[in-house]
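If you count by my numbering, then the sequence shown holds residues 6 to 259, one letter each, in order. We treat Cβ as the ideally placed atom computed from N, Cα and C, and that holds for glycine. Worksheet for the structure shown next.
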Amino acid sequence: MSTKPVFVVAGVGNGQGTGAASAHEFSKAGYRVALIARNGDTLQKLADELKQAGGEAKAFPVTSYEQSTLHATFAQIRAEWPGAPIRVAVWNAGDAVWKPFLDVTEEELRKTTDTNIIGSFAFAREAILSFKDLELDEVGKRGALIFTSATAALRGNKTTSVFAAGKFALRSLSQSLAKEFGPQNIHVSTAIIDGPILTDRSKARQGDKYDEWSKNENVRIRPESIAKSYLYLANQDRSAWTWELDLRAAHEPW
Ligand SMILES: NC(=O)c1ccc[n+]([C@@H]2O[C@H](COP(=O)([O-])OP(=O)(O)OC[C@H]3O[C@@H](n4cnc5c(N)ncnc54)[C@H](OP(=O)(O)O)[C@@H]3O)[C@@H](O)[C@H]2O)c1
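Set out below in structure tokens:
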């Protein structure tokens, strides 16, 4: 078994967004790809696409992102590629509830908390445990942990009480981990995606404006462009590490 590194991503949705684009980008860069998500069919399809393109990839479907599940999943990843170092881990999963505060149910709050907070903590734990005993790589790190975040990590808005709570938690988690594990040469970063990402789920959000919006390079964020930034983060040398990266399209009216 060669020591070709492993890239792990959690949260692949329907295979059209940032999770899938990151898998393609890191596969092209020479990583083995471990795909973790809740939709097993999409996951297998993406693993097949990566293999057809010449990469090594495996789907690890999960029913939830709870700690015991992710612990077992990381053990399966290590067993799949014995001796291969897990070098990059991306927490991309996100459940969103966009509703006026008084319409939010306790069930919705618990469901999104399970993914956005309990899940992100559990994933971070497994990533750091995977990195901490590795030798330094050629850019001076043991591993890179990247969180996909959103504008809602910085400010709440009318319908984002639940979503913003989760993304605020993600931001403070990533900052705490960057401080705690930087001295162990583990690079933790977070990407604030400050604008809408071009996925087929955007269709519902953009409504009648979708066609015009999706063709306008100035206003929508391509998942492939986010993925390139993740590879850039992973390749940063230890003399200048980004903790928080802010990505927006050229004409984003912030
Ligand atoms: N889309 C945007 O405009 C936007 C803007 C800013 C930030 N973000 C953040 O960026 C990350 C990636 O989002 P993305 O839009 O690029 O999509 P993505 O990479 O395909 O990821 C989608 C995530 O949403 C989950 N999900 C929940 N309901 C879903 C549904 N009905 N269809 C598909 N996926 C569903 C998926 O869970 P499983 O994979 O476990 O099934 C997965 O974790 C998320 O953390 C999100 O909060 C998105």
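Exercise for the section: Consult DSSP for R130 and reduce its assignment to one of helix, strand or coil. Expected result: Look at R130 here: in three-state DSSP terms it is helix.
Problem - Given V38 as reference, the closest of K63, A58 and T23 once Cα atoms are compared - result: It is K63 whose Cα lies nearest to the Cα of V38.
Practice task
Return the residue from the list L159, A42 and P201 that minimises the CA-CA distance to G124.
Solution key: Among L159, A42 and P201, the Cα nearest to that of G124 belongs to A42.
Exercise for the section: Determine the closest residue to S69 out of G35, T117 and A26, with distance taken between C-alpha atoms. Expected result: Residue T117 is the option with its Cα nearest to S69.
Practice task
To the nearest angstrom, report how far apart S179 and A127 are at their CA atoms.
Solution key: Roughly 13 Å between the two C-alpha positions.
Practice task
For A25, collect the residues of the same chain with a Cβ closer than 6 Å to its Cβ; drop the 5 residues on either side in sequence, then sort them by chain order.
Solution key: Closer than 6 Å at the Cβ level, and outside the excluded window around A25, lie V17 and L51.
Practice task
Would you please verify whether the beta carbon of G24 is less than 8 Å from any beta carbon of chain C?
Solution key: The chain inventory of the structure shown lacks chain C, comprising one protein chain alone.
Problem - Through-space distance from G99 to S166, alpha-carbon basis - result: Taking the straight line joining both Cα atoms gives about 15 Å.
Problem - Of the listed residues D138, Q72, Q49 and A101, nearest to E61 (C-alpha basis) - result: Nearest option by C-alpha distance: Q49.
Practice task
State buried or exposed for L175, treating a residue as buried only when at least 16 other CB atoms are found within 10 Å of its CB.
Solution key: Residue environment: L175 is assigned as buried (16 or more neighbouring CB atoms within 10 Å of its CB, all protein chains considered).
Problem - Expected contact under 8 Å - CB spacing of I191 and L150 to nearest Å - result: Yes, they are in contact, since the Cβ atoms of I191 and L150 sit about 7 Å apart, within 8 Å.
Practice task
Compute the Euclidean distance between the alpha carbons of V11 and L252, then round it to the nearest angstrom.
Solution key: For V11 and L252, the distance between alpha carbons rounds to 25 Å.
Problem - Those residues which DSSP pairs with T195 across a bridge - result: F152 and E249, per the DSSP bridge assignment.
Practice task
Under 8 Å by Cβ, that's how I've got A14 and A28 pegged, so tell me the actual separation to the nearest angstrom.
Solution key: Before going on, a small fix: residue 14 reads as Val here, not Ala. Between A28 and V14 the Cβ distance is about 6 Å, and since that is below 8 Å, they are a contact.
Problem - W259 versus P188, F186 and L159, residue with shortest Cα-Cα distance - result: When only C-alpha atoms are compared, the closest one is L159.
Practice task
Using 7 Å as the cut-off, classify the Cβ of I202 as near or not near the heavy atoms of ligand 1, replying yes or no.
Solution key: Because some heavy atom of ligand 1 lies under 7 Å away, the Cβ of I202 counts as near it: yes.
Handout entry: Reduced DSSP category for L51 - H, G, I as helix; E, B as strand; rest coil
Key = Helix.
Exercise for the section: Helix, strand or coil for R83, going by three-state DSSP, please let me know. Expected result: If DSSP states are grouped into helix, strand and coil, R83 belongs with the helices.
Problem - Cβ separation of W96 and F152, assumed to be a contact under 8 Å, to the nearest whole Å - result: Contact annotation, W96 with F152: C-beta distance approximately 5 Å; criterion of less than 8 Å satisfied.
Problem - DSSP three-state assignment for K163, whether helix, strand or coil - result: Coil, per DSSP.
Exercise for the section: With hydrogens ignored, establish whether the beta-carbon of L195 is closer than 7 Å to any heavy atom of ligand 1. Expected result: Correcting the residue type first, residue 195 is Thr in the shown sequence and not Leu. Of the heavy atoms belonging to ligand 1, none sits nearer than 7 Å to the Cβ of T195.
Handout entry: C-beta atoms of A196 and V93 nearer than 8 Å
Key = Annotated as distal: A196 and V93, with beta-carbon spacing of 8 Å or more.
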